[in-house]
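Residues 209 to 288 (the working numbering) make up the sequence shown, in order. Cβ coordinates follow ideal geometry from the N, Cα and C atoms, glycine included. Inspection log for the structure reproduced underneath, given as structure tokens.
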Amino acid sequence: MAGSSTDWISLAEAAEILAASNVRFQASTIGGWARNGKLQSIKLGGRRFVRRAEVRALITPPRRVHADHLQPGLFEDLRD
């Protein structure tokens, strides 16, 4: 369910998600990203939590678009 409490994970859980993909960062580094606004976060009871989807996005490869899926004629003016 979107917006549920399971969308927010601890910094240690975020580090575990990254480590499972061979991307190793300390929880304190992830906390620094959150404090600097690079990751959305909340602070409850002295603990900081970040969005699971944002952490997963760090390890998701960018989507590639193949040339045959582009709109026909989109780059015609670049040929000459």
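Practice item. Going by CA-CA distance only, name the one from Arg232, Phe257, Val231, Val273 that's closest to glycine 239. Key: Phe257
Point to revise | Uninterrupted alpha helix (DSSP H) stretches inside the segment 218-256 (no shorter than 4 residues) | key: 219-228, 235-243
Review point. Taking the Cβ atom as the reference point for each residue, do glutamate 221 and arginine 260 lie within a distance shorter than 9 Å?
Key: yes
Review point. Is arginine 259 helix, strand or coil when you go by DSSP?
Key: strand
Check your understanding: Alpha carbon to alpha carbon, how far is tryptophan 241 from valine 273?
Key -> 29 Å
Exercise for review: Determine, using beta carbons only, whether arginine 255 and serine 229 come nearer to each other than 9 Å.
Suggested key: no
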